[in-house]
Amino acid sequence: MSVEVPTSHRFPDNARAALADATLQRGLASAKLGFRVRRSEAAARLPEFETLRDEARDIKNHVLAHLDLYLEAFEQRVTERGGHVHWAGDAAAARDIVLAICRAAGARTVTKGKSMISEEIGLNAFLEQNGVEPVETDLGEYIIQLRGEAPSHIIAPAFHVPKAEVAETFQKHHKSLDPARPLEQPRQLLEEARAMLRDRFFAADVGITGANFLIAETGATVIVTNEGNGDLTQTLPRVHIVLASLEKVVPTLEDTSTILRLLARSATGQEFTSYTTFSTGPRRGEDLDGPQEFHVVLLDNGRSDLIGTELQEVLRCIRCGACMNHCPVFGVIGGHAYGWVYPGPIGAVLSPSLIGIEEAHHLPSASTFCGRCESVCPMRIPLPGLMRHLREREYGRGIPPAAQRWGLRAWAFLAKRPRLYRLATALPVRLLGLVGRRRGAFRRLPLAGGWTAERDLPAPQGPTFQALWNRAGGRRERPR
Amino acid sequence: MSGTPRDAVLGALRRATGRDANMAEAAAAVRTRLAAHARNTIPARGLRETQGLLELFTEQARGVDASVAIVDDFGAVPGAVADYLRGENLPTRLRMAPDPRLDACPWDDAPTLEITRGKGEAEDVVALTGAFAGVAETGTLMLISGPDSPTTLNFLPDAHIVVLNAADLVGCYEDGWDRLRATGRMPRSVNFITGPSRSADIEQTLQLGAHGPRWLHIVVVAGGAATKDPGDG
Ligand code: SF4
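As they're listed, the protein sequences go chains A and B. Each residue of the first sequence is one higher than the last, beginning at 117 in my numbering. Each residue of the second sequence is one higher than the last, beginning at -16 in my numbering.
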């Protein structure tokens, strides 16, 4: 199902296809206008909006500088309240943890609130393969799950699907219903989805949600939804699993409140989202409802590598979607063209860090550098600057297509210095390891063809390997 | 790399932040921040204490498609609930939270209402609950889970009627948090509810009543609103 295999490397083809898709173009045109107007009106209604943006940025910068300590504090609070915290280094580890909890609960079906982390780790396909049926309950997610598609926007996952196609999809999948029923109106479609999902909510053994925030002060996880699906998901089943990435932690309820004042206004232009829910541990002894088990899965998946680098700032993101709503590139190609979970400017910066620059190398260039994303980002993430940085780094690391350029330059450099041939050929793996630490880059390098072994060259002399590397315009990553 | 994934993640974070060299200082900074509950900027509109709270709350709640009725005292609640259900053509069977404040209302005054108490069930059309607080800033209700306020009542029914004591109105979310801290308990769920359930997932057309209630009706008991709440200083 969908996204665990990225297609970001095909970005130019994806984008061309999107431009030729008339239905998509109509949807994009109407959606972006609505989002932009509503956001700017909401910001204008709150005189303190710009001040809050500064404060929110500072809160997150403080958190990122103390991330280890806030995570420990959060974990301690969750545990004190009777919950469990699970740490996952990568997507596979997170999937295994979720499956193990589902198995222990004897779960046949799980309901799901909208979670980008679930998309990031490809959870649905994995659960299905292992005999657990995942049921998306956010209306947009439900529609695209039935269609076997990936979300095309982080807050409006099905905005690429016109209502006539939603009706077709429901006809095809809701076989128990009268085929002649009217399904032209959005209201009819909504009512049908609501009715179909009601039973699923009650039947589920486990409910899985994401988290917009993790609060270190209290051990609460926070979800923000308009539909109320997330609340049914996490209240009715016996087990509640929260999927969250490390950087979601914030210090206090006050800090959370500040960022919440920005989230809905930036995302949908609402003053506040309908339902903002703070969940702390399982149900208390005297409670009449709520889950009996509460689990939080903390996912790293490459994020800790960003701490202390120029890209750290991207971890302030609260996934509001404003950057894509205001992006002229997203505005004409939509979300699927980006080829992975996070589209738009935030995806252009985040994806290369999570799925590798080889896969995502086109994305930082998918920009006009107009600066609108930065001007609306509630967390003041300098997105164009980070994209520029990635482009430079891509060049520096010699990833295609820059790899070819760098490779030829290095070849020229080495070819003029015969003694260095030997060095370069004797250490191809190390050289290539520096060029690109993920597989895929190697094959494209001219040097990888191998310099023939019969060349008899003197022992290495001259510049050190590192100096050679530096002169070739290379850069090192932060040691891991 | 040490053993557990937890150690690996925390180890990577500590190396990246040079924690070895600054642990004492950093840990103190975090401890202080977590204990202080310092407020950031609160929008001016949320800074009022008593004056104008009810007006702002009502305006904001109506702005997000909730309806608001204001009654003088708890004695008038049953009549207001019955009136509302009749006006909206909703059933008069309702599931009520086992909340002592609601139990104390004179339900015999509204004989048309058929009341059962308990958590939310699949067949419920109308639910009636109290509220811990109302936040005027955005017309937001703050409900906390407990034996007297089961969370399922907030989400399962088609119509959710909330009885809010005007003395429980606060200006901003932060005031709500301080009140919660003052109770000394942290419930499983704190629900901030701002208008009824909605979705714009089909062609960006806003519709009320996605998975949660389509109707959110707030009955404000104004009794105490005229006198300044001593808790607000
Ligand atoms: S980068 Fe900024 S604007 Fe984009 S989703 Fe994240 S917080 Fe929102």
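Heads up, the beta-carbon is just placed ideally off N, CA and C, and yes, glycines get one too.
- Residue environment: B:D91 is assigned as exposed (fewer than 16 neighbouring CB atoms within 10 Å of its CB, all protein chains considered).
- With a minimum length of 3 residues, the unbroken runs of beta strand (DSSP E) contained wholly in the segment 105 to 149 of chain B fall at 109 to 113, 116 to 118, 123 to 127, 142 to 148.
- Against chain B, the beta carbon of A:K279 has neighbours under 9 Å at I185, E186, T188, listed in chain order.
- Only T334, N342, E343, G344, N345, D347, L348 from the segment 334 to 349 of chain A bring a Cβ to less than 7 Å from some Cβ of chain B.
- For B:G195, the closest Cβ of chain A is nearer than 7 Å.
- The beta carbon of A:I237 sits closer than 6 Å to the beta carbons of A207, A210, R211 from its chain, once the five residues preceding and following it are set aside; these are given in chain order.
- For the pair of segments examined, the segment 400 to 410 of chain A was found not to touch the segment 193 to 201 of chain B: the number of CB pairs separated by less than 8 Å stays below three.
- Along the segment 238 to 266 of chain A, the positions whose C-beta sits under 8 Å from a C-beta of chain B are T253, D254, L255, G256, I259, read in chain order.
- Judged by beta-carbon spacing, A:D347 lies beyond the 7 Å limit of A:A221, meaning their Cβ atoms are not closer than that value.
- Residue state for A:R496 is assigned as coil, using DSSP reduced to three classes.
- In the three-state reduction of the DSSP assignment, A:F388 falls in the coil class.
- The Cβ atoms of A:M503 and A:I434 do not sit closer than 7 Å to each other.
- Pairing A:A309 with B:D184, the inter-Cα distance amounts to about 12 Å.
- Between the alpha carbons of B:V64 and B:D55 lies a gap of roughly 14 Å.
- Residues of chain B whose Cβ lies closer than 8 Å to the Cβ of A:H182 are, in chain order, T0, A9, A12, V13.
- Checking the 6 Å criterion, the Cβ of A:I175 is out of range of every heavy atom belonging to ligand 1.
- The segment 165 to 229 of chain A is shown to contain whole alpha helix (DSSP H) runs of 4 or more residues at 165 to 181, 183 to 196, 207 to 220, in chain order.
- Following the DSSP letters along the chain, one finds B:N23 in no alpha helix (DSSP H), marked with neither H nor E.
- Contact with chain A is found for B:N23, since one of that chain's Cβ atoms lies less than 7 Å from the residue's Cβ.
- For B:L77, the enclosing beta strand (DSSP E) begins and ends at 76 to 79.
- Leaving aside the five residues that flank A:A172 on each side, the residues in its chain whose CB is nearer than 7 Å to its CB run, in chain order, T374, I375, L378, P494, M495.
- For A:I237, no alpha helix (DSSP H) encloses it, and the DSSP letter there is neither H nor E.
- When secondary structure is reduced to three states using DSSP, B:R100 falls in the strand class.
- Remark: the C-beta of A:R435 is in contact range of ligand 1, defined as less than 6 Å to any heavy atom.
- Taking the beta carbon of A:I423 as reference, the chain B residues within 8 Å of it are A(-5), L(-4), A(-1), T0, listed in sequence order.
- DSSP places B:W198 inside the beta strand (DSSP E), whose first and last residues are 198 to 204.
- A check of alpha carbon separations from A:D170 across A:D421, A:T123, A:S491 identifies A:S491 as the nearest.
- Using a CB distance below 9 Å, the part of the segment 82 to 115 of chain B facing chain A consists of G101, K102, G103, A105, ordered along the chain.
- In summary, the residues of the segment 396 to 409 of chain A whose CB is separated from some CB of chain B by less than 9 Å are T396, G397, P398, R399, R400, E402, D403, L404, D405, G406, P407, in the order they occur in the chain.
- When secondary structure is reduced to three states using DSSP, A:S382 falls in the helix class.
- Across the set B:G117, B:A150, B:M169, B:E186, the C-alpha of B:A150 shows the shortest separation from the C-alpha of B:A205.
- Taking 6 Å as the cut-off, the C-beta of A:C493 counts as close to a heavy atom of ligand 1.
- Inside the segment 299 to 351 of chain A, DSSP marks whole alpha helix (DSSP H) runs of 4 or more residues at positions 302 to 319, 345 to 351, from first to last along the chain.
- Minimum Cα-Cα distance from A:T334 among the listed residues B:P(-12), B:L163, B:T134 corresponds to B:L163.
- At a cut-off of 7 Å, the C-beta of B:F40 has no neighbouring C-beta in chain A.
- Sequence-distant Cβ neighbours of A:T368 in its own chain, meaning closer than 6 Å and more than five residues away, are E333.
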